[in-house]
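Presented below is the structure to which this report refers.
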């Protein structure tokens, strides 16, 4: 069964509110997001959003510093309040 974008967004909000980290390895997310955001002009914002998306998607972050979202469909489906992609 495939979750709708709305259900996935709700799930992300719940995971971000929890104090504990969901399974997926926060240290893996930290390493992946450090590289993913390394060329960003707004590193702190990129890193924060990347980590939230990574944790919500079970540790999946697309390879490279930009693009490649087809490798992590969950990461690509998460939207912000404006309806555009939240994850860098």
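In the UniProt record's numbering, the protein residues as written are 1 to 88.
Every residue, glycine too, gets a C-beta built ideally from N, C-alpha and C.
Cβ-Cβ distance between residue i and residue j below 9 Å
i, j, result
"residue 62", "residue 36", "yes"
"residue 65", "residue 27", "no"
Assigned secondary structure, residue i (DSSP; H/G/I helix, E/B strand, else coil)
i, result
"residue 31", "helix"
"residue 44", "helix"
"residue 52", "helix"
"residue 74", "helix"
Bridge partners - residue i, DSSP secondary structure assignment
i, result
"residue 85", "79"
Inter-residue CB distance, residue i and residue j (contact presumed, cutoff 8 Å)
i, j, result
"residue 138", "residue 60", "For the chain, the structure presents residues 1 to 88; residue 138 sits outside this window and is missing."
"residue 29", "residue 55", "6 Å"
"residue 76", "residue 67", "Actually they are not in contact, since the Cβ atoms of residue 76 and residue 67 sit about 10 Å apart, beyond 8 Å."
Environment of residue i [buried if 16+ CB atoms lie within 10 Å]
i, result
"residue 99", "This structure cannot settle anything about residue 99, because the visible part of the chain is limited to 1 through 88."
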